[in-house]
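Report on the structure given below.
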Amino acid sequence: MIEKEHHQEIILNYEQQLQELNAKLKAVTNENTMIHAQLTAKSSVIDQQTQEIAELKCKLTEQEFEFQEKCKSQLIFLNQKNMELQNQVIELNQQINNLNSVIQETQNNSKEFCNQNENNQIDQLNQLIQNLQNQLKDKNEHIQNLKNLTSGTIIALQQRNETLEKRLNEQKDIVEKLKNADYTIKATTSNDSSILVEELQSALSIKKQDIEILQQKYEQQLAKKEEIVQNLQQKLEESMRKELDISKTSQDSKNYVYQLEKQIEVSINQQDKSKVEQLVARLRSQVQL
Numbered sequence: 009m010i011e012k013e014h015h016q017e018i019i020l021n022y023e024q025q026l027q028e029l030n031a032k033l034k035a036v037t038n039e040n041t042m043i044h045a046q047l048t049a050k051s052s053v054i055d056q057q058t059q060e061i062a063e064l065k066c067k068l069t070e071q072e073f074e075f076q077e078k079c080k081s082q083l084i085f086l087n088q089k090n091m092e093l094q095n096q097v098i099e100l101n102q103q104i105n106n107l108n109s110v111i112q113e114t115q116n117n118s119k120e121f122c123n124q125n126e127n128n129q130i131d132q133l134n135q136l137i138q139n140l141q142n143q144l145k146d147k148n149e150h151i152q153n154l155k156n157l158t159s160g161t162i163i164a165l166q167q168r169n170e171t172l173e174k175r176l177n178e179q180k181d182i183v184e185k186l187k188n189a190d191y192t193i194k195a196t197t198s199n200d201s202s203i204l205v206e207e208l209q210s211a212l213s214i215k216k217q218d219i220e221i222l223q224q225k226y227e228q229q230l231a232k233k234e235e236i237v238q239n240l241q242q243k244l245e246e247s248m249r250k251e252l253d254i255s256k257t258s259q260d261s262k263n264y265v266y267q268l269e270k271q272i273e274v275s276i277n278q279q280d281k282s283k284v285e286q287l288v289a290r291l292r293s294q295v296q297l
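Residue numbering for the sequence shown follows this note's numbering, beginning at 9 and increasing consecutively.
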């Protein structure tokens, strides 16, 4: 009888222990279910962030391509304008050479008729020619500066684009690490899962901040690119205005040199030095304008 009661007591103890184990197992199962749901939600967030990064990269690539095409078009246009300016410089040099020839011929023809005053007037014409040559030199320097500015701008833009591409790759590596951490979390115990979930939340928060910073930098870079294009357009317009001024000066100088040649022939024949002085003064005034 006593032995039977002892066995019943042992059975009750086993049943009680079994109930406690079932309760613990149920609690662990519920906890694992909750952790699994959290991990599923985090995985969805990671996938969404990955898609957003891919879209941002695609958008950045498209805008980069459009901007490079625009820069190429601007560069081609600037090169064409530079070629036109160089052709005009060549034409001006030819006109100066023609003017030198006229003056040399005038000196040869009027050597026995002209006095020291006429020689001074010819020296003044030579000074005017020197001024024109200085203007041409300044124009050539302006063309070279414009070429250097265009080349430096393209190189700087390429360096900025490489930096943005590197940052996008770093963000992609972070997403891959987070995915690997997600798979590791699913295979760990409940205590390790809690720690990894906290680390994952922290990493996701940091990644979100990095994406916001990247977006801000991208907008800043885009604004800088637009500003550079506007500056190039302004410099191009300024170059075109200077080109028109030089063209006007060149044409006026050519007309006055032609008139001067005719008037010098008349003045030498008539020995009227006052007319030659007036023509030289008019030519000097026109070139200075």
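All residues carry an ideal CB built from backbone N, CA and C; glycine is no exception.
Proximity to residue i [Cα-Cα], best of the options
i	options	result
Q149	L93, N106 and N105	Note that residue 149 corresponds to Glu in the displayed sequence, not to Gln. Cα-wise, what sits closest to E149 is L93.
K145	I43, K65, V110 and I98	I98
Q242	Q82, Q46, Q96 and N106	Q82
E235	V53, Q96 and C79	C79
L107	I84, N95, Q96 and Q135	Q135
Beta-carbon contacts of residue i that lie in its chain and below 7 Å, excluding the five residues immediately before and after
i	result
T197	Because T197 sits at a pLDDT of 45, beneath the cut-off of 50, its placement in the model cannot be relied upon, and the following sentence gives the value as read from the coordinates. There are no such residues.
E70	none
Q228	none
Cβ shell of residue i (< 6 Å), same chain only, five flanking positions each side left out
i	result
N40	none
E23	none
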